[in-house]
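Asker: Each residue of the sequence shown is one higher than the one before, starting from 26 at the first, in my numbering. Backbone N, C-alpha and C define an ideal beta-carbon position, used for all residues, glycine too. Remember, predicted model here, so these are calculated numbers, not experimental data. Sharing a structure, written as structure tokens. Questions coming.
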Amino acid sequence: MTKQRMFAPAVRLLVTLLMGGTMTMAEEGTKLENLRQPPLNTTMMGVLKGVADYHGLSLNEPTIYGLSGHAFLINIHTQLCPSGPYCWKRENAKPLIQNMGIRMTDLGFFGTGARAEDRVDVERKLRKALEEGIPCSLINLENQLIDGYDETGFFSAQPWAPKHSFPPARLSFGSWQEFGEQFHVNFYTLEKVEPVDRHKAILASLDYAVDMWQNPEKHSSEAYGVGPKAYENWIGAVPESGSSHGNWWNATVWSECRRMAADYFSGIAEENGRVADLCAQLRSEYLKIAENLGKAGNKKMDSEEKIGLLKETKRLEVKAIGKVEKLAEALRARKEQ
Numbered sequence: 026m027t028k029q030r031m032f033a034p035a036v037r038l039l040v041t042l043l044m045g046g047t048m049t050m051a052e053e054g055t056k057l058e059n060l061r062q063p064p065l066n067t068t069m070m071g072v073l074k075g076v077a078d079y080h081g082l083s084l085n086e087p088t089i090y091g092l093s094g095h096a097f098l099i100n101i102h103t104q105l106c107p108s109g110p111y112c113w114k115r116e117n118a119k120p121l122i123q124n125m126g127i128r129m130t131d132l133g134f135f136g137t138g139a140r141a142e143d144r145v146d147v148e149r150k151l152r153k154a155l156e157e158g159i160p161c162s163l164i165n166l167e168n169q170l171i172d173g174y175d176e177t178g179f180f181s182a183q184p185w186a187p188k189h190s191f192p193p194a195r196l197s198f199g200s201w202q203e204f205g206e207q208f209h210v211n212f213y214t215l216e217k218v219e220p221v222d223r224h225k226a227i228l229a230s231l232d233y234a235v236d237m238w239q240n241p242e243k244h245s246s247e248a249y250g251v252g253p254k255a256y257e258n259w260i261g262a263v264p265e266s267g268s269s270h271g272n273w274w275n276a277t278v279w280s281e282c283r284r285m286a287a288d289y290f291s292g293i294a295e296e297n298g299r300v301a302d303l304c305a306q307l308r309s310e311y312l313k314i315a316e317n318l319g320k321a322g323n324k325k326m327d328s329e330e331k332i333g334l335l336k337e338t339k340r341l342e343v344k345a346i347g348k349v350e351k352l353a354e355a356l357r358a359r360k361e362q
């Protein structure tokens, strides 16, 4: 974990003055070195992976997805909006994220009409965190790491650059002009804390996975659905939206999560040999779920075929979640011996 202090060179001011312009003296800036957001489709997991690496937590991608519970999340809007991967109850996952060694603190929600003084206040909090070497992030249309600032604004990660220039690489102080005319943004700090015992963290993630299926209403809101409700919403939306961008993007994100779930179970098996057979079954089942969800992203697939595929995938998930519950029971029994 390193950070670099930056000062605007005086020559910049001199050149500006010689050209007849005016310029306010630049203030000091900060840049966190070795903080990178990998190009994952699930950008929240990209944020967490980047922060984990920065903090030296030695967590691979499947472990990030698994311990945070995100490997088991699926959230779908009734109209199959591409916002599904972003509009779920994040607060339920924050304890799991802290189990990994990252305290994710929400600095608040800001809409298009956010007052100037509120923007100034959150910008001050972000700068203070960065000056202390604490990574920050935002979620507007995507989750992005904030790794520093200069005299005019914050540096925000572009996980898919240079192939894609979206999301924007900067956020200007005060105006937040890079967001465009409308925005709905939360800001976070991501501080390093002591991770909990790995066995405890794994059990918490498995319990969370089961709860999303048994109590889906606790994890989503309004026109969205998690777990079995997600499949109901997706199936219901296929006739009107099965060829939409939202269909493709949800399939892309959630299939990535299920692939990570498969590898997460391989990791659990390596640490807990007595449950290796059950973990192998779960790995196989989640790979199949991931494959099916990937296929469902095909915009050209016939609606009836897609509905049939999603119904089959829902059945596979129900079966798999039952085994996840058994795995948690087996791990608890081992701990008690």
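Output yes or no for whether 7 Å exceeds the beta carbon distance between Ile89 and Ala255.
Answerer: Their beta carbons are not under 7 Å apart, which means Ile89 does not touch Ala255 by this criterion.
Asker: Of the residues Phe208, Tyr79 and Ile99, which one's Cα is nearest the Cα of Cys161?
Answerer: Selected option, being the one with the closest Cα: Tyr79.
Asker: Looking at Glu342 and Ile16, is the spacing between their C-beta atoms short of 7 Å?
Answerer: With the chain running from 26 to 362 in the structure shown, residue 16 is simply not present.
Asker: For Lys339, is the classification buried or exposed, using 16 other Cβ atoms within 10 angstroms of its Cβ as the cut-off for buried?
Answerer: Looking at its Cβ environment, which holds 16 or more other Cβ atoms inside 10 Å, Lys339 is buried.
Asker: For Glu156 and Arg144, what's the separation of their Cα atoms in angstroms?
Answerer: Glu156 and Arg144: Cα-Cα distance of roughly 18 Å.
Asker: Secondary structure at Ile260, three-state DSSP: helix, strand or coil?
Answerer: Ile260: helix per DSSP, three-state reduction.
Asker: Assuming the contact rule is C-beta atoms closer than 8 Å, Lys324 and Trp273 should be a hit. Round their C-beta distance to whole Å, please.
Answerer: Correct: roughly 6 Å between the Cβ atoms.
Asker: Determine the DSSP secondary structure at Ile89, reduced to helix, strand or coil.
Answerer: Ile89 falls in the helix class under three-state DSSP.
Asker: Can you tell me whether DSSP reads Gly250 as helix, strand or coil?
Answerer: In the structure shown, Gly250 sits in a strand (DSSP, three-state: E or B).
Asker: What span of residues does the alpha helix (DSSP H) with Asp143 cover, start to end?
Answerer: Ala141 to Glu156 is the extent of the alpha helix (DSSP H) around Asp143.
Asker: At the level of alpha carbons, what is the spacing between Ile227 and Gly91?
Answerer: Ile227 and Gly91: Cα-Cα distance of roughly 8 Å.
Asker: Taking the alpha-carbon positions, what's the Val147 to Glu219 distance?
Answerer: Going from the Cα of Val147 to the Cα of Glu219 covers about 26 Å.
Asker: Could you give the uninterrupted runs of the alpha helix (DSSP H) lying entirely in the stretch 276–353, keeping only those of 4 residues or more?
Answerer: Counting whole runs of 4 or more residues, the stretch 276–353 contains the alpha helix (DSSP H) stretches 301–321.
Asker: Based on DSSP bridge pairs, tell me the residues matched to Ala161.
Answerer: First, the residue type needs correcting, since residue 161 is Cys and not Ala in the sequence shown. According to DSSP, which records beta bridges pairwise, Cys161 is partnered with Ile171 and Thr214.
Asker: Count the other CB atoms, across all protein chains shown, that sit within 10 Å of the CB of Glu354; report buried if there are 16 or more and exposed otherwise.
Answerer: It counts as exposed.
Asker: Do you know offhand how far Glu247's Cα is from Arg61's?
Answerer: So the two alpha carbons sit approximately 34 Å from each other.
Asker: Would DSSP call His209 helix, strand or coil?
Answerer: The answer is strand: DSSP assigns His209 an E or B state.
Asker: Just checking, does the stretch 262–270 make contact with the stretch 99–116 on the three C-beta pairs under 8 Å criterion?
Answerer: Contact between the stretch 262–270 and the stretch 99–116 is present, because at least three Cβ pairs lie under 8 Å.
Asker: Per DSSP, which one or two residues make a beta bridge with Ile127?
Answerer: Bridge partners of Ile127: Lys217.
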